[in-house]
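One structure is given here, and the rest of the page talks about it.
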């Protein structure tokens, strides 16, 4: 999976900040799909390999989002979007 600036995901409706928990959930769902496809093709992974792969998938997803111009923010941090300020000023 990769993101480019031209085909960026629609996280936060145009804002460039994404909650880390949302990235984690999305990563887990995508990784689970990958594991299901692998299992259908006869691949079998140890529990340790699954945990390691899940962590690696999450870290790679964060790097790809960062490279596409997104800021990954931890839970508890208030997201900031200049667009929201413009709307509030109207």
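Residue numbers (this note's numbering): 128 to 217.
The C-beta atom is built at its ideal place from N, Cα and C for all residues, glycine as well.
Given the structure is predicted, the values throughout are model-derived calculations rather than measurements.
Who are residue i's beta bridge partners in DSSP?
i, result
"residue 204", "None, per the DSSP bridge assignment."
"residue 146", "200"
Ordered along the chain, which non-local residues of its own chain (more than five positions away) have a Cβ less than 7 Å from that of residue i?
i, result
"residue 137", "Residue placement at residue 137 is flagged as unreliable, the pLDDT there being 47, under the threshold of 50; the coordinate-derived value follows with that caveat. Nothing meets the Cβ criterion."
"residue 148", "202"
Going by the beta-carbon positions, is the gap between residue i and residue j smaller than 9 Å?
i, j, result
"residue 145", "residue 202", "no"
"residue 142", "residue 192", "no"
Buried or exposed for residue i, please, with buried defined as at least 16 other CB atoms from any protein chain shown within 10 angstroms of its CB.
i, result
"residue 178", "exposed"
"residue 150", "buried"
"residue 154", "buried"
"residue 209", "exposed"
Leaving out the 5 sequence neighbours to the left and right, which residues in its chain are closer than 8 Å to residue i when beta-carbon positions are compared?
i, result
"residue 172", "162, 165, 180"
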